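What follows is a set of notes on a single structure, which appears directly below.
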Amino acid sequence: MSGSLYKDYWRFGFKTRLYDLMSPWGYIQSIRSSVEHLKIVPGDRILDVGCGTGGALPFIIPFLFSGECEYYGVDILSEGLKVAKGKAGKFARNKKAKFIKTNITEPLPFDAGSVSKALAHFSVYTLSNRKERLAAWRGIYAVLEPGGMLVAANPALSYDPKTIIQDSMLNVKKEEGIGAFLFARIFYPFTRRMGLEHIKRQLDRNIWHAYSLEDFKEELEETGFIFLKSERVYCDSGLLIAVEKNSL
Numbered sequence: 020m021s022g023s024l025y026k027d028y029w030r031f032g033f034k035t036r037l038y039d040l041m042s043p044w045g046y047i048q049s050i051r052s053s054v055e056h057l058k059i060v061p062g063d064r065i066l067d068v069g070c071g072t073g074g075a076l077p078f079i080i081p082f083l084f085s086g087e088c089e090y091y092g093v094d095i096l097s098e099g100l101k102v103a104k105g106k107a108g109k110f111a112r113n114k115k116a117k118f119i120k121t122n123i124t125e126p127l128p129f130d131a132g133s134v135s136k137a138l139a140h141f142s143v144y145t146l147s148n149r150k151e152r153l154a155a156w157r158g159i160y161a162v163l164e165p166g167g168m169l170v171a172a173n174p175a176l177s178y179d180p181k182t183i184i185q186d187s188m189l190n191v192k193k194e195e196g197i198g199a200f201l202f203a204r205i206f207y208p209f210t211r212r213m214g215l216e217h218i219k220r221q222l223d224r225n226i227w228h229a230y231s232l233e234d235f236k237e238e239l240e241e242t243g244f245i246f247l248k249s250e251r252v253y254c255d256s257g258l259l260i261a262v263e264k265n266s267l
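Residue numbers (my numbering): 20 to 267.
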């Protein structure tokens, strides 16, 4: 995943907890929307590809409580998995949430057709090589059951740190109150400089990959997925696509 650049950048954010602390409102909402599009039902086995620190867990844990679901988080960095396991709490202890260190460009450590739903939220874009991205999509396709759904989100060509921060600040003030807004005023400038601008530079240099809708659909359909829907997320800086595995 772009070698040491990927590992060193994310390892620092995961280990220091800055990644979670400084994630902007728009990013959290894109995770929420991605999980909602999964349409989780009782009994689902949910795979979180490139789970990092488990940002999706707050939106998935209610289904672990009530729906007899299982969650599997995979990531290449143990620092992120350690934080995610802590977030899962008792569900990690009773094995309803499991965390596995793996490279998503290699075959995933699950039986073919053993996963009901898969989430890949802002993870595959860190693979600059198209061949590696296709390998990741094929790995997900292989472990999904027939008719299983993948919801994937990645940066769009319109990725813009300034817009992300401005929109996130406005929405924090409107939806979360003055306390959260004051917190955001302190931390969001660091989010932009240390996180979003860094990501933008890697996207501009093609070290990481920003998608057009056509490009995104093409990769997934080339893998064998059937397109369901798409939408703009992350303050118009990201693309979300829902696809499913052929049920035949």
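Glycine included, each C-beta is placed from N, C-alpha and C at the ideal position.
Keep in mind that this is a model prediction, so the values were computed, not measured.
Look at R224 here: in three-state DSSP terms it is coil, with no helix or strand label. In the DSSP secondary-structure assignment, K136 is bridged to I65, M168.
In the DSSP assignment, F118 falls outside any alpha helix (DSSP H) and within the unbroken beta strand (DSSP E) covering 116-120. Exposure of E194 is indicated by the presence of fewer than 16 other C-beta atoms within 10 angstroms of its C-beta. Across the set I79, T121, G86, the C-alpha of I79 shows the shortest separation from the C-alpha of A107.
Residue environment analysis places D130 among the exposed positions, since fewer than 16 neighbouring C-beta atoms fall within 10 angstroms of its C-beta. Distances from the alpha-carbon of C254 to those of F200, M213, G71, P174 put P174 closest. Between the C-alpha atoms of H228 and L153 there is a straight-line separation of about 13 Å.
In this structure K192 touches F200 by the C-beta definition: roughly 4 Å separates them, less than 8 Å. Separation of L215 and P180 (C-alpha to C-alpha, rounded to the nearest whole angstrom) is 5 Å. A residue is called buried once 16 or more other Cβ atoms fall within 10 Å of its Cβ, and F110 is buried on that count. E125 is classed as exposed because its beta carbon has fewer than 16 other beta carbons within 10 Å across all chains shown. Judged by DSSP secondary structure, E237 falls within the alpha helix (DSSP H) whose first and last residues are 232-242.
In this chain, the beta strand (DSSP E) harbouring A261 covers 257-263. In this structure, T121 places its C-beta atom within 8 Å of the C-beta atom of I95.
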